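S.K.: In the working numbering, the protein residues as written are -8 to 79.
No residue lacks a Cβ here, since even glycine has one placed at the ideal position from N, Cα and C.
Since the structure is predicted, the reported quantities are computational estimates derived from the model, not experimental observations.
Below is a structure I'd like to ask you about.
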Amino acid sequence: MPTWQVAHPLCAFTFRTVKIDVYDWDRDGSHDFIGEFATSYRELSRAQSQFTVYEVLNPRKKCKKKKYVNSGTVSGAGEFLGLLPSRG
């Protein structure tokens, strides 16, 4: 299960696009950028009840490699919602 780190508090009523960066965590602190994907709060909330898979894309690799498809996938991103601050 991934450990989510919230960089910016998100409002539960925001339907704007959210970019999520994915890193390979290294004990020595030299975390490697794997890629990114974009979604919205609405899509994340649906991901809690449906099996949703997001393609993680690395823009640098995409430009350099002709046969590049993705750098992996993320599923279960709906778990991220549990980290969002509640209003009230």
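Just curious, the alpha helix (DSSP H) that Lys10 is in, first and last residue?
M.R.: The count along the sequence shown starts at 1 and reaches residue 10 at position 19. Run containing Lys10: none in the alpha helix (DSSP H); it sits in the beta strand (DSSP E), 8 to 15.
S.K.: To the nearest angstrom, how far is the alpha carbon of Tyr32 from that of Thr64?
M.R.: Residue 32 sits at position 41 when you count from the first residue of the sequence shown. Residue 64 sits at position 73 when you count from the first residue of the sequence shown. For Tyr32 and Thr64, the distance between alpha carbons rounds to 18 Å.
S.K.: Please report the straight-line C-alpha distance between Gly79 and Asp15, rounded to a whole angstrom.
M.R.: Translated into positions along the sequence shown, residue 79 becomes position 88. Translated into positions along the sequence shown, residue 15 becomes position 24. Model confidence at Gly79 stands at a pLDDT of 39, short of 50, so the residue's coordinates are unreliable; what they give is reported in the following sentence. A straight line joining the alpha-carbon of Gly79 with that of Asp15 spans about 35 Å.
S.K.: At which residues does the alpha helix (DSSP H) containing Lys55 begin and terminate?
M.R.: Indexing the sequence shown from 1 puts residue 55 at position 64. DSSP places Lys55 inside the alpha helix (DSSP H), whose first and last residues are 50 to 55.
S.K.: Using C-beta distances below 8 Å, list every residue in its chain close to Val9, excluding the 5 sequence neighbours before and after it, in chain order.
M.R.: In the sequence shown, counting from the first residue as 1, residue 9 sits at position 18. Result list for Val9: Leu1, Ala29, Thr30, Ser31, Tyr32, Leu35, in chain order.
S.K.: At the level of alpha carbons, what is the spacing between Gly26 and Lys57?
M.R.: Position 35 of the sequence shown, counted from the first residue, corresponds to residue 26. Position 66 of the sequence shown, counted from the first residue, corresponds to residue 57. Approximately 17 Å between the Cα atoms of the pair.
S.K.: Is DSSP giving Tyr45 helix, strand or coil here?
M.R.: Looking up residue 45 in the sequence shown gives position 54. In the structure shown, Tyr45 sits in a strand (DSSP, three-state: E or B).
S.K.: Can you find the residues in the same chain that come closer than 6 Å, C-beta to C-beta, to Ile11, ignoring five residues on each side of it along the sequence?
M.R.: Start at 1 with the first residue of the sequence shown, and residue 11 comes out as number 20. Taken in chain order, the residues that qualify are Phe28.
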